[in-house]
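One line per chain: the protein sequences are A and B, in this order. Residues in the first sequence are numbered consecutively from 1, following the numbering used here. Residues in the second sequence are numbered consecutively from 1001, following the numbering used here. Ideal placement from N, C-alpha and C gives every residue a C-beta, glycine not left out. None of these values were measured; they are calculated from a predicted model. These notes concern the structure reproduced below.
Number of protein chains: 2
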Amino acid sequence: MSRSHNFSAGPAALPVSVLEQLGPASIEFGDTRAGIMEISHRSKAFDAVIASAQDRLRRLMGIPDDYVILLLQGGASLQFWMSALNLVGDGGAVDFLDTGTWSSNAIKEARRIADVRVAWSGKEGGYRAVPHAGGYTVRDNARYLHYTSNNTIYGTQFHALPATDTRLVADLSSDICSRPVDVARHELIYAGAQKNLGPSGVTAVILSPWALEQSAVVGASHPGGLPSMLDYGLMAKKDSMFNTPNTFGIFVLERVLAWLEDQGGVHAIAHLNERKAGMLYEELDRSAFWQPHAEPMSRSQMNVTWRIHDPALESVFLHEATAAGLMALKGHRSVGGIRASLYNAVGCDSVEALVGFMKDFESRKG
Amino acid sequence: MSRSHNFSAGPAALPVSVLEQLGPASIEFGDTRAGIMEISHRSKAFDAVIASAQDRLRRLMGIPDDYVILLLQGGASLQFWMSALNLVGDGGAVDFLDTGTWSSNAIKEARRIADVRVAWSGKEGGYRAVPHAGGYTVRDNARYLHYTSNNTIYGTQFHALPATDTRLVADLSSDICSRPVDVARHELIYAGAQKNLGPSGVTAVILSPWALEQSAVVGASHPGGLPSMLDYGLMAKKDSMFNTPNTFGIFVLERVLAWLEDQGGVHAIAHLNERKAGMLYEELDRSAFWQPHAEPMSRSQMNVTWRIHDPALESVFLHEATAAGLMALKGHRSVGGIRASLYNAVGCDSVEALVGFMKDFESRKG
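Below you can see the structure in the form of C-alpha cells.
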C-alpha cells in the first residue's frame, strides 16, 4: 500500500473500508445485476440508499423528526444564494458573521436578494478569530443570523453557538458530523459533502419547519413560484429527486455515514478529533519555530493552519513532507503557509506521522 | 458474471471496461497516492482529468475552438432555468418546440424569465412525432429557438436540425455523442451526463461566443451581476471550478469519452446505434402484437417505446424479461408501456437478447 497520509482540505481523505466497497458496487450493486451508477434513481434499490443516507444522518446529528433532509447538487456556493432566495427572497433583513472567505462569499450572494448587514467581521484581524459572545449585536428585524461554523481556509471554528436569540442559519461544510451540534437551534444547515460526508457533488441541506414555510411564503410572492431546481419546498416534496440526483455521490455518502455509525457516531468521533487536533496544536505551541495562525480560543479542530518562523522554509517543508508520504499540506492559495485538515477519516496515525515529521524537520532546520 | 442486459433510461449502462477502472482508481489514482475522490480539485492530477474530459468532448463532437465547454452540476433541469436566465434574462423573446415532458419543463422554467412562445407542440398528438420542416414558424425577434433533440419518455428524436435561420439552443441530454451534431449551428447545447456520457451529477454545457457575450450583457443588467453559481461567464472564467465540482463524476465521464474514442468516435458509434435501433424497430414492425409509439419518421434511436396489443400482457412481459436478465424495460411512469433505452454502452448482444426474448414471448402469448 503506497497511500499517503492525506491532509487535503477537500475533496479529502475517505475511510479505506468505504473505498474498498466502491469497486465491487460499481460492477454489481446488491442484487440489482448492474453497477450502482447504472441503476435508475427511481429504482427500489436506490430508494433504499437515499432513505438510508437520510436516516443515518438524522440519527448521527440528532435531527428532529419534523426537519427535512435534502441531498442536492451545487455545493455550499449554490446554497449561499439559494438559502437567501428561499428564506428572504421577499426582501427581508438578514445578519451575517463574517469569519472568512466562505462567509464573505455567502454575504456577497445574499446581498443580491436580501437586506444584508454584517454584524461582525474578522477581516481586519486577518480572520484569526471568531467573535466572542457579546462581541456583536443582531438587528431585531433580522430574519436570521448566518454563520460559518468552521473556516477551512483560516483554520478557525466556533466552539459555541452564536450568542443570540435570533434564528440561526449555518454553513457546516467543513465540520458537519465532526462533533455534536444542536440542530434544533437552527432553521437551516447546509454542507458540501466533500470534507466529512463523502465525495464532492452532493450537498446536505437540513430544513426546519419554519424554513420550509418561509420558502412557501417567498415562492408565493414570485409569479409562477421559485425556479424549480432552487425551490426548497419542491425539493422537499420530491424528496431530493425532482430530477436525477448525484446517485453515486449519495451512495458513497451513505457508506461514509455507515462507517461513522460503526465508529460510535458523532460523540465518539468528536473525542478522536479533539485528540488529533490536540496533538498537532501541542506541537505548534511547543516551539517558536512554528507560528499558528488562529487565536487559541478560535482554533479549528478540522483545519489547522500555521506558518514557519522563516517563511523560506515552508516550501522545503511541503516538499519534504510530500516525499515522506504526508500529502496536501499546502495552505490555501489565498493565504499561503501550511494547513493540515484533520477530518473524520484522517487517522491518529496520520497526525502522529505529521508531528513526528515536524519534530524531525525542526531538529534539522531549526 | 450475473450482470443483466441494461435498458435503463438513465442513470444507464456504462462500459464495463470503464467500470473496472473505478475500483482501483478509488483506492489509488495514478501517482497521487490517494483515491480519485480524495484529491483536491485544484491538484495537477485533477486538472489533467478535467482538461482531458474537455479535450475529448471537443474532438468527439467537433466543438469549435472558440466554444467553451463547462462541466457543471444540477442536470438539464437546472439548465432549463439557467439558460433562460443567462441568454434572455433581460426580457428577450424565445421560441420553443414542445416535443415532450422535458421540453414542457424547459418552457415552464423559461417562462419565469423570458417572453416565451411555443412555436409547435406535439402534445395533442400524444408526442408521437417531432415537427416537420415548415410545420411551424419562429418569431423574427426570437433570440433563439429551443428544442429537445431526443425525447427520452416518448421515444422520438429529431433527425435533422430545426428548419430555421434563428439561433439554436438544444437539450441533448439523451442523445449527445450518439451521432454527429453540427455544434457550430448551436449557441448553447446542454446535456445531463447520465445517459451517454457517464454517471448522474455532471452536466455538460457547450457555449458559443454569442452565448457568453449574451450572458455578460444580461449580467450587466442585474445589480451585482448574476448569482455566481448560475453565471455562465463566471463558470467559463473559472473553467467550471468556481467551487468544487463533482470530481468523481467528471473522472468517470473522462473515462467514458476515452472509451468512446477507442470505439472509433461518434461516427462509428452512430453506425452501431443505427444498427441496434434498426434491429428492434424491425421486430416491432414485424407483428401487430407490438404497437410502437412514435411515428416512423420521428423514431428515436436512443429510446424505443411501445405497447403490447393486449395491455394486460405488459406486466407479464416486464416480469419475464427481468427474470431473463433484461432489466429496466418499464416505460416511464407518466406513459406506461415498454421502453428500451439503447445508449452507446448498450451492446448489440443486449439488443439481440431482447429481440430473441420478444419473439419467444410472442410465440407463447400471441
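Proximity winner among the options, relative to residue i (alpha-carbon distances)
{"i": "residue 101 of chain A", "options": "A:301, A:272, A:240 and A:335", "result": "A:335"}
{"i": "residue 1344 of chain B", "options": "B:1022, B:1198 and B:1029", "result": "B:1198"}
{"i": "residue 1149 of chain B", "options": "B:1066, B:1058 and B:1076", "result": "B:1076"}
{"i": "residue 365 of chain A", "options": "A:30, A:346, A:315 and A:267", "result": "A:315"}
{"i": "residue 300 of chain A", "options": "A:55, A:174 and A:208", "result": "A:174"}
{"i": "residue 1023 of chain B", "options": "B:1303, B:1311 and B:1248", "result": "B:1248"}
{"i": "residue 269 of chain A", "options": "A:216, A:217 and A:196", "result": "A:196"}
{"i": "residue 1103 of chain B", "options": "B:1112, B:1092, B:1115 and B:1123", "result": "B:1123"}
{"i": "residue 1073 of chain B", "options": "B:1313, B:1026, B:1027 and B:1192", "result": "B:1192"}
{"i": "residue 209 of chain A", "options": "A:136, A:265, A:352 and A:167", "result": "A:167"}
{"i": "residue 1322 of chain B", "options": "A:113, A:32 and A:2", "result": "A:32"}
{"i": "residue 1091 of chain B", "options": "B:1049, B:1218, B:1360 and B:1040", "result": "B:1218"}
{"i": "residue 47 of chain A", "options": "A:117, A:238 and A:161", "result": "A:238"}
{"i": "residue 287 of chain A", "options": "A:226, A:328, A:359 and A:353", "result": "A:359"}
{"i": "residue 20 of chain A", "options": "B:1006, B:1021 and B:1027", "result": "B:1027"}
{"i": "residue 1132 of chain B", "options": "B:1329, B:1264, B:1159 and B:1328", "result": "B:1159"}
{"i": "residue 1324 of chain B", "options": "B:1117, B:1115, B:1352 and B:1065", "result": "B:1352"}
{"i": "residue 1226 of chain B", "options": "A:112, A:30 and A:44", "result": "A:112"}
{"i": "residue 432 of chain A", "options": "A:144, A:125, A:185 and A:140", "result": "Look at the range of chain A in this structure, 1 to 366, and you will see that residue 432 of chain A is not part of it."}
{"i": "residue 65 of chain A", "options": "A:2, A:224, A:207 and A:140", "result": "A:207"}
{"i": "residue 1333 of chain B", "options": "B:1016, B:1140, B:1152 and B:1049", "result": "B:1152"}
{"i": "residue 1261 of chain B", "options": "B:1045, B:1055, B:1002 and B:1044", "result": "B:1055"}
Neighbourhood of residue i by C-beta distance below 7 Å, restricted to the same chain and skipping five residues each side
{"i": "residue 1053 of chain B", "result": "1071, 1250, 1253, 1254 and 1257"}
{"i": "residue 1080 of chain B", "result": "1105, 1106, 1109 and 1110"}
{"i": "residue 1083 of chain B", "result": "1169, 1188 and 1190"}
{"i": "residue 1306 of chain B", "result": "1284, 1290, 1291, 1292, 1293, 1337 and 1338"}
{"i": "residue 331 of chain A", "result": "305, 337, 338 and 339"}
{"i": "residue 1134 of chain B", "result": "1163"}
{"i": "residue 1263 of chain B", "result": "1269"}
{"i": "residue 116 of chain A", "result": "94, 96, 107 and 110"}
{"i": "residue 1320 of chain B", "result": "1361"}
{"i": "residue 1049 of chain B", "result": "1250, 1251 and 1254"}
{"i": "residue 1045 of chain B", "result": "1029, 1030, 1032 and 1039"}
{"i": "residue 265 of chain A", "result": "60"}
Beta-carbon proximity check, residue i vs residue j, cutoff 8 Å
{"i": "residue 164 of chain A", "j": "residue 1194 of chain B", "result": "no"}
{"i": "residue 1373 of chain B", "j": "residue 1357 of chain B", "result": "Any answer about residue 1373 of chain B is impossible in this case: the structure gives chain B only from 1001 up to 1366."}
{"i": "residue 1119 of chain B", "j": "residue 1138 of chain B", "result": "yes"}
{"i": "residue 130 of chain A", "j": "residue 298 of chain A", "result": "yes"}
{"i": "residue 1350 of chain B", "j": "residue 34 of chain A", "result": "no"}
{"i": "residue 1177 of chain B", "j": "residue 1014 of chain B", "result": "no"}
{"i": "residue 1355 of chain B", "j": "residue 1280 of chain B", "result": "yes"}
{"i": "residue 362 of chain A", "j": "residue 1012 of chain B", "result": "no"}
{"i": "residue 147 of chain A", "j": "residue 97 of chain A", "result": "yes"}
{"i": "residue 1062 of chain B", "j": "residue 1202 of chain B", "result": "no"}
{"i": "residue 9 of chain A", "j": "residue 303 of chain A", "result": "yes"}
{"i": "residue 1051 of chain B", "j": "residue 1036 of chain B", "result": "no"}
{"i": "residue 1329 of chain B", "j": "residue 1007 of chain B", "result": "yes"}
Close Cβ partners of residue i (< 6 Å) along its chain, the five nearest in sequence each way excluded
{"i": "residue 1018 of chain B", "result": "1255, 1256 and 1259"}
{"i": "residue 1154 of chain B", "result": "1100 and 1127"}
{"i": "residue 157 of chain A", "result": "150 and 300"}
{"i": "residue 1172 of chain B", "result": "1149, 1189 and 1191"}
Rounded Cβ spacing between residue i and residue j (contact assumed at less than 8 Å)
{"i": "residue 282 of chain A", "j": "residue 128 of chain A", "result": "At roughly 19 Å, the Cβ-Cβ gap does not stay under 8 Å, so residue 282 of chain A and residue 128 of chain A are not in contact."}
{"i": "residue 1142 of chain B", "j": "residue 1094 of chain B", "result": "6 Å"}
{"i": "residue 229 of chain A", "j": "residue 1057 of chain B", "result": "Going by Cβ atoms, the distance from residue 229 of chain A to residue 1057 of chain B rounds to 23 Å, so no, they are not a contact pair."}
{"i": "residue 1246 of chain B", "j": "residue 40 of chain A", "result": "Contact flag wrong, Cβ pair sits at about 19 Å."}
Same chain, Cβ closer than 8 Å to residue i, neighbours up to 5 away in sequence not counted
{"i": "residue 1212 of chain B", "result": "1068, 1232, 1233 and 1236"}
{"i": "residue 267 of chain A", "result": "180"}
{"i": "residue 42 of chain A", "result": "241"}
{"i": "residue 348 of chain A", "result": "272, 275, 276 and 279"}
{"i": "residue 221 of chain A", "result": "89 and 90"}
{"i": "residue 1161 of chain B", "result": "1168, 1182 and 1185"}
{"i": "residue 1136 of chain B", "result": "1097, 1119 and 1120"}
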